[in-house]
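J.:
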Amino acid sequence: MSTREIEREQDYVAMLYRRVDELRERMTERLAGVLRETGGTRQALVERESAVARYAERVAKFDAAEKGLCFGRLDRRDERFYIGRIGVLDDQGEPLLIDWRAPAARPFYVATAAAPDGVRRRRHITTRNRRVVGLDDEVLDGDADGEQGLIGEAALLAAVNAGRTGRMRDIVETLQAEQDEIIRSGPHGVLVVQGGPGTGKTAVALHRAAYLLYTHRRLAERGVLVVGPNATFLRYIGQVLPGLGETSVLLSTVGGLFPGVTADRAEPPATAEIKGRAIMADVVAAAVRDRQAPPRGPVEIPYGDETLRIEEEDYRRAARAALNGPVPHNQARRIFVRRMLDLLTRQVAERLEALTLDDDGRPLDGGDGHDALSRADVRALLAAGYPQELLDADPVAEDDGRPLLDEDDLAQLRGELASAPGVRAALDELWPGLTPQRLLSDLFADPARLASAAPGLSDAERGLLRRAPGGGWTPADVPLLDEAAEWLGADDREARAQAASRARAAAERREQIAYAQGVLDITVGSRSSDLEEGEDPEILTAADLLGAEELAERQETVTHRTIAERAAADRTWAFGHVIVDEAQELSAMAWRLLMRRCPSRSMTIVGDVAQTGDAAGTSSWERVLRPHAGDRWRLARLTVNYRTPAEIMAAAADVLAALDPALEPPRSVRETGVPPWRLATTPGGLPRTLAEHAAREAARLEEGRLAVIVPESRLAELSAAVAAEVPGAAYGADPDLERPVVVLSVRQAKGLEFDSVLIADPAAILTDSPRGRNDLYVALTRATQRLGVLHPGPPPAELAGIPGR
């Protein structure tokens, strides 16, 4: 492209940056002005908070667009559009730059020579910082043979061949037609994006989130949840959406979706697999039912010097009344406790009203204070079998129709029973107030509880679930905790805490009003005492213009929390849209949790069933989605591999065929001329050989990243060997992907990409997991340039086709 053309585009791009700088400065000034405002009514505070959020969001969008603001141009017959990360208007409202998500920008991604959609020329503009460094034109109005190739092939290949940075880049400049079609698909129902390695599934999902937030602004009110397989992956993709100017997004793992719980405890894969089964929903429900007044015969309850007795039929009747309707356990417990206290209060009242007999069995004073039996006493004695003639000898008090204990007495008695330690302990044993954490801790610690709640599991499976209380939670526990929370509802402690919080807020409010009133009183007093001679007494002061309540409101501060922050703290938050990456790894219980987070079923599910490595994962989208979405789901496929070179994909195809002959690998768009290789070594020599090759490969990397992918069972051993030879190599539970060299297990490497990959001990990868071939397929398809395999002894049959060294 001529220097003159580059200069012409540079002038336009420079104008766009000046305009963005101007708009950013304007929004920053408005934001600062709003932040300086104080006081006002509650409505004014809410409006100010909304304005702060609006201006801050616009400033963030301008900041995010700094890199690669403008990357394309469309020439039509009679008009020209520039395409970029955000839309930019001039002062008259005319477009200077079209947002990539706008309908007018779509031909940039889908127009071809066969179907130009009115486009004569498509220009890709490459910038570095604010300088135009390259142009690539495609002329679309000539003769076409009907074959659709890559859109912006030069820009695309430059992007995929560029060195990795340890962070995912957005792909707004190089989106392809099949990707764009998925991104712009409507938000309703569940969209499943099935695609092999390197097809851009993750990038498509994230750009779809940005597109939906742009075109369906109501989604921003509820936010978008993006679920990934692990924290390392979330950091890897973490800059994509902010770089596209979207902040109403929460990134989380399934294990991070229960507020207050950190799921970092390790457990055997076999245990996690059991916890992920759909039957565990029934186990949790049964565990809750087992805590609701279980049959145990009569219950004796100590109360003072007495022992109260509740028959089994009585407390079972109270339990049935408490469960009369779809009421969660802890709310039903309050009903149960009220009925039990009714029974106990009645029992104690009857004892108080009962007569005392002398040594001869004759009734003593019944409590009227005049040595006379009350009418109630007489009725009680007759009911007990005393003859009328015996009672006639005793004086009977006048009956005023009132019981011995009135309503106030009974209420006091009820309160004393409710606070009595023995009564509270007995009721808690019959029907405890439960948190999800307590329910699961008790369940996993008690073989009898497990046997009762999980009869469908074998003794060995229940044994795998057994563990002592404490020690934290695992990622597989979180869907069970969430399930338990649905059955339990808020416990009494939570309800009391909420009530206490409301009471504190009300008390603070009263104190603020009282303080404000004091300020106004001082103002009025000082005005009357300090009035200068000749000063107009009708001059208005603060006390004349507003009351204490309004003055207190003006001193309140509002802390703005983003949608993502509010959603992260609220287990019951319903998101506007949910995106799940590496979705094939999710268990049945994890799907139940996610469906509760999105009642509208507006979801984007991306994954590849050929890459399922988790024992609790799936090999069928139909199987996991139909129970929750019925027929409200649809399948879209990505078929082009932009990441993995054809040479590496050919080697991975052998593993895919061994996994399932019916599966077809995605079509690679490029060759590098560098075939993958393998090297045999000895079992004892593998650590040293691997470390040496890692150091050699790292030295070849002028830029980019090297991943050493090793079996889970040898992760600690081989990580230490590589780190000893390559100072600064990252490894561990949460490795830094921005380091030049990182050692990962297959599970950690899912969804990531690297310039070069070394795979160690593929035979162990195959045997470490029941889905070892899936894991090996994942490991083979992480590289964008070079791949090497080091194997102790003979190579696995699936890799025999890779040339040896």
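Counting in full-length UniProt numbering, the sequence shown runs from 1 upward without gaps. We treat Cβ as the ideally placed atom computed from N, Cα and C, and that holds for glycine.
Quick check: what's the CA-CA separation for R106 versus P475?
T.: By one-based count along the sequence shown, residue 106 stands at place 106. By one-based count along the sequence shown, residue 475 stands at place 475. Distance between the alpha carbons of R106 and P475 is about 40 Å.
J.: Among R637, P683 and L206, which has the Cα closest to the Cα of E664?
T.: For the purposes of this step, residue 664 is taken as residue 664 along the sequence shown, with counting starting at 1. Considering only alpha carbons, the answer is R637.
J.: What three-state label does DSSP hand R637 in the structure shown?
T.: Working through the sequence shown from its first residue, we reach residue 637 at position 637. If DSSP states are grouped into helix, strand and coil, R637 belongs with the strands.
J.: For R277, I'd like the list of residues in its chain whose CB is within less than 8 Å of its CB, leaving aside the five on either flank, ordered along the chain.
T.: For the purposes of this step, residue 277 is identified with residue 277 of the sequence shown, where counting begins at 1. S587, A588, M589 and A616, listed in sequence order.
J.: For D581, tell me which candidate among S2, V609 and A574 has the shortest Cα-Cα distance.
T.: Here residue 581 refers to the residue found at position 581 when the sequence shown is read from its first residue. When each option's Cα is compared against that of D581, the closest is V609.
J.: Have a look at I333 and I709 and give me their C-alpha separation to the nearest angstrom.
T.: Start at 1 with the first residue of the sequence shown, and residue 333 comes out as number 333. Start at 1 with the first residue of the sequence shown, and residue 709 comes out as number 709. The displayed chain sequence assigns Arg, not Ile, to residue 333. About 52 Å.
J.: Express the C-alpha separation of A104 and V139 in angstroms, rounding to a whole number.
T.: Taking the first residue of the sequence shown as 1, we reach residue 139 at position 139. Taking the first residue of the sequence shown as 1, we reach residue 104 at position 104. One C-alpha to the other measures close to 18 Å.
J.: In chain order, what residues of the same chain lie with their CB nearer than 6 Å to the CB of A281, ignoring the 5 residues before and after it?
T.: As a first step, residue 281 is located in the sequence shown; it is residue number 281 there, counting from the start. Once the five neighbours on either side are set aside, the close Cβ partners of A281 are E483.
J.: Go to R678, then tell me how far its beta strand (DSSP E) extends in each direction, as first and last residue.
T.: Counting from one through the sequence shown, the residue named residue 678 turns up at place 678. That run of the beta strand (DSSP E) goes W677 to T681.
J.: State the DSSP-derived secondary structure class of Q437, mapped to helix, strand or coil.
T.: For the purposes of this step, residue 437 is taken as the residue at position 437 of the sequence shown. Q437: helix per DSSP, three-state reduction.
J.: Is the beta carbon of A707 closer than 8 Å to that of A764?
T.: Counting from 1 along the sequence shown, the entry for residue 764 is found at position 764. Counting from 1 along the sequence shown, the entry for residue 707 is found at position 707. Contact flag unset, no.
J.: Below 7 Å CB to CB, which residues in the same chain sit around L427 once its five sequence neighbours on both sides are set aside?
T.: For the purposes of this step, residue 427 is taken as residue 427 along the sequence shown, with counting starting at 1. Same-chain partners within the cutoff: V337 and M340.
J.: Alpha helix (DSSP H) containing Y211: first to last residue?
T.: Taking the first residue of the sequence shown as 1, we reach residue 211 at position 211. Per DSSP, Y211 is one residue of the alpha helix (DSSP H) stretching across K201 to T215.
J.: Please look up how many angstroms separate the CB atoms of residue 863 and V478, rounded, as I've assumed it's under 8 Å.
T.: One cannot answer for residue 863 here, as it falls past the ends of the chain, which runs 1 to 805.
J.: What span of residues does the beta strand (DSSP E) with E300 cover, start to end?
T.: Translated into the one-based positions of the sequence shown, residue 300 becomes position 300. Start and end: V299 to Y303.
J.: In the DSSP assignment, find the unbroken beta strand (DSSP E) run with L787 in it and report its ends.
T.: Along the sequence shown, one-based indexing puts residue 787 at 787. From DSSP, the beta strand (DSSP E) with L787 extends over A783 to P792.
J.: Given this structure, state the Cα-to-Cα distance separating G186 from L635, to the nearest angstrom.
T.: Indexing the sequence shown from 1 puts residue 186 at position 186. Indexing the sequence shown from 1 puts residue 635 at position 635. Taking the straight line from one Cα to the other gives about 13 Å.
J.: Nearest-angstrom Cα distance between V606 and E416?
T.: Locating residue 606 in the sequence shown gives position 606, counting from the first residue. Locating residue 416 in the sequence shown gives position 416, counting from the first residue. So the alpha carbons of these two residues sit roughly 59 Å apart.
J.: What's the gap between the Cα of G732 and the Cα of E717?
T.: As a first step, residue 732 must be located in the sequence shown, where it is residue number 732. As a first step, residue 717 must be located in the sequence shown, where it is residue number 717. C-alpha separation (whole angstroms): 11 Å.
J.: Under DSSP, the alpha helix (DSSP H) around G33 begins and ends at which residues?
T.: Counted from its first residue, the sequence shown places residue 33 at position 33. Residues T3 to R36.
J.: Examine chain B for any beta-carbon lying closer than 8 Å to the beta-carbon of A723, and answer yes or no.
T.: Absent from the structure is chain B; it holds one protein chain and no more.
J.: For G401, which residues in the same chain have their Cβ closer than 8 Å to its Cβ, ignoring the five residues on either side in sequence?
T.: Numbered from its first residue, the sequence shown carries residue 401 at position 401. Residue placement at G401 cannot be trusted, given a pLDDT of 46 that sits under 50; what the coordinates show is reported in the next sentence. Hits under 8 Å: none found.
J.: To the nearest angstrom, how far is it from the Cα of E311 to the Cα of V423?
T.: Counting from one through the sequence shown, the residue named residue 311 turns up at place 311. Counting from one through the sequence shown, the residue named residue 423 turns up at place 423. In a straight line, the C-alpha of E311 is about 15 Å away from that of V423.
J.: Identify, in the order they occur along the chain, each residue of the same chain with its Cβ nearer than 7 Å to the Cβ of D145, setting aside the five sequence neighbours on each side.
T.: Locating residue 145 in the sequence shown gives position 145, counting from the first residue. Residue placement at D145 is poorly supported in this model, since its pLDDT is 47, which falls under 50; the coordinates are not used for a value here.
J.: Count the other CB atoms, across all protein chains shown, that sit within 10 Å of the CB of E147; report buried if there are 16 or more and exposed otherwise.
T.: In the sequence shown, the residue the question calls residue 147 occupies position 147. Note that E147 has pLDDT 47, beneath the 50 cutoff, so the model's placement of it is unreliable and the number below is only indicative. Under this definition E147 is an exposed residue.
J.: Where does the unbroken alpha helix (DSSP H) through D775 begin, and where does it stop?
T.: Reading the sequence shown from its first residue, position 775 is the one you call residue 775. Element bounds for D775: G772 to L780.
J.: Please report the distance separating the alpha-carbon of S248 from that of P269.
T.: The sequence position of residue 248 within the sequence shown is 248, counting from 1. The sequence position of residue 269 within the sequence shown is 269, counting from 1. If I take the Cα positions, the gap works out to 34 Å.
J.: Thinking just about the alpha-carbon of each residue, which of I237, G245 and A322 is nearest to the one in S252?
T.: The sequence position of residue 252 within the sequence shown is 252, counting from 1. Closest by alpha carbon: I237.
J.: May I ask you to report which of helix, strand or coil DSSP gives P711?
T.: Residue numbering aside, residue 711 sits at position 711 when the sequence shown is read from its first letter. Here P711 sits in coil by DSSP.
J.: When burial is assigned at 16 or more other CB atoms within 10 Å of the CB, is A568 buried or exposed?
T.: Working through the sequence shown from its first residue, we reach residue 568 at position 568. Label assigned to A568: buried.
J.: Could you tell me whether the segment 310 to 330 touches the segment 638 to 654, using the rule of 3 or more Cβ pairs below 8 Å?
T.: no
J.: Quick one: is S745 buried, meaning 16 or more other Cβ sit within 10 Å of its Cβ, or exposed?
T.: By one-based count along the sequence shown, residue 745 stands at place 745. Result: buried.
J.: May I ask which residues mark the beginning and end of the beta strand (DSSP E) holding H577?
T.: Working through the sequence shown from its first residue, we reach residue 577 at position 577. First-last of the beta strand (DSSP E) with H577: H577 to V580.
J.: Identify, in the order they occur along the chain, each residue of the same chain with its Cβ nearer than 6 Å to the Cβ of A485, setting aside the five sequence neighbours on each side.
T.: As a first step, residue 485 is located in the sequence shown; it is residue number 485 there, counting from the start. Closer than 6 Å at Cβ, skipping near neighbours: P436.
J.: Using a 10 Å radius around the Cβ and a threshold of 16 neighbouring Cβ atoms, would you call T307 buried or exposed?
T.: As a first step, residue 307 must be located in the sequence shown, where it is residue number 307. Result: exposed.
J.: Is it the case that the Cβ atoms of A209 and V224 are separated by a distance below 8 Å?
T.: Locating residue 209 in the sequence shown gives position 209, where the first residue counts as 1. Locating residue 224 in the sequence shown gives position 224, where the first residue counts as 1. Yes, the pair counts as a contact, with Cβ atoms nearer than the cut-off.
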